[in-house]
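See below for the structure under consideration.
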Amino acid sequence: MNAAPASRRVVVAITGATGAIYGVRLLQVLRSRPEVETHLMISSAGGLTLQQETEWPRKEVEALAHVVHNVRDVGACIASGSFATDAMIVAPCSMKTLAAIANGLSDNLISRAADVTLKERRRLILMVRETPLNLAHLRNMTSVTEMGGIIFPPLPGFYQRPKNIAEMVDHTIGRVLSLVGIKQTLSPPWNGMSGGEE
Numbered sequence: 002m003n004a005a006p007a008s009r010r011v012v013v014a015i016t017g018a019t020g021a022i023y024g025v026r027l028l029q030v031l032r033s034r035p036e037v038e039t040h041l042m043i044s045s046a047g048g049l050t051l052q053q054e055t056e057w058p059r060k061e062v063e064a065l066a067h068v069v070h071n072v073r074d075v076g077a078c079i080a081s082g083s084f085a086t087d088a089m090i091v092a093p094c095s096m097k098t099l100a101a102i103a104n105g106l107s108d109n110l111i112s113r114a115a116d117v118t119l120k121e122r123r124r125l126i127l128m129v130r131e132t133p134l135n136l137a138h139l140r141n142m143t144s145v146t147e148m149g150g151i152i153f154p155p156l157p158g159f160y161q162r163p164k165n166i167a168e169m170v171d172h173t174i175g176r177v178l179s180l181v182g183i184k185q186t187l188s189p190p191w192n193g194m195s196g197g198e199e
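Quick note on numbering: the sequence shown equals residues 2 to 199 in my numbering.
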């Protein structure tokens with residue numbers, strides 16, 4: 002018996018900023034959701050960061066996705082608005098990729114797919130990683146926000162008292178999934194502070 006086709010499509014891009022584990026973990030979680038079909042792109046710098054920061058070989062990361070696209074293939078299906086997707090998440094998002102998206106350069110498939118996501122009024126989430134931020138970074142973030150994108154720096158939350166890096170990563174990925182409208186249990190809702198007194 003054939004499995005039911007996926008009812009949702011999510012585009013994921015891993016670029017050269019630090020934090021490649023966010024993209025890997027996002028793909029792991031989405032792979033466990035049979036209703037979601039993932040389309041993945043990894044930039045050349047993203048591949049280097051994967052190698053530097055994780056134990057994940059690039060081929061194993063690509064195997065987590067349903068479809069893998071070459072970043073130079075600007076003729077891929079996700080380069081057209083006629084190809085329906087629900088969201089695009091750049092995890093992590095380098096300042097170079099942010100600048101390309103903010104200025105509509107569409108110089109590779111990542112920035113082109115993001116441009117399509119914005120023009121079709123679909124959800125675009127950029128997990129930007131850099132510190133400190135200069136004025137160009139801030140202006141580019143403002144531009145993307147004004148176009149309808151969401152700037153989501155993967156800042157760890159400590160109110161859930163994470164015990165390790167994996168829990169911090171999961172909390173962030175849970176928040177991102179909620180923004181895309183995918184039910185998740187990685188980041189439980191905040192129920193208020195207990196025992197607080199004036």
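Here a beta-carbon is modelled for each residue, glycine too, at the ideal position from N, C-alpha and C.
Nothing here was measured: the structure is a model prediction, and the numbers come from that model.
Quick check on Met128: buried or exposed, where buried means 16 or more other Cβ atoms within 10 Å of its Cβ? By 1-based counting over the sequence shown, the position of residue 128 is 127. When all chains shown are included, Met128 counts as buried.
Specify the secondary structure class of Arg9 as computed by DSSP and reduced to three states. On the sequence shown, position 8 is the one that residue 9 refers to. The answer is strand: DSSP assigns Arg9 an E or B state.
Roughly how many angstroms lie between the CA atoms of Gly24 and Met194, to the nearest whole one? The sequence position of residue 24 within the sequence shown is 23, counting from 1. The sequence position of residue 194 within the sequence shown is 193, counting from 1. So the two alpha carbons sit approximately 31 Å from each other.
Comparing alpha-carbon positions, which option in Arg10, Asp74, Arg123 lies nearest Leu31? The residue you call residue 31 lines up with position 30 of the sequence shown. If we check each option's Cα against that of Leu31, Arg10 comes out closest.
Collapsed DSSP secondary structure at Arg140 in the structure displayed: Your numbering for residue 140 matches position 139 in the sequence shown. DSSP places Arg140 in helix when its eight states are reduced to three.
Proximal residues to Ala14 (C-beta, below 6 Å), its chain only, five neighbours per side dropped: The sequence position of residue 14 within the sequence shown is 13, counting from 1. For Ala14, where only same-chain residues beyond five positions count, the Cβ hits under 6 Å are Met42, Val91, Ile111.
Where in the stretch 97–163 do unbroken runs of the alpha helix (DSSP H), each at least 4 residues long, occur, reported from the N-terminal end onward? Runs of the alpha helix (DSSP H) spanning 4 or more residues and lying entirely within the stretch 97–163 occur at 110–120, 136–147, in chain order.
What does a CB cutoff of less than 8 Å around Thr39 pick up in its chain, not counting 5 residues either side in sequence? The sequence position of residue 39 within the sequence shown is 38, counting from 1. Answer for Thr39: Arg10, Val11, Val12, Val13, Leu28, Leu31, Arg32, Leu65, Ala66, His67, Val68, listed in chain order.
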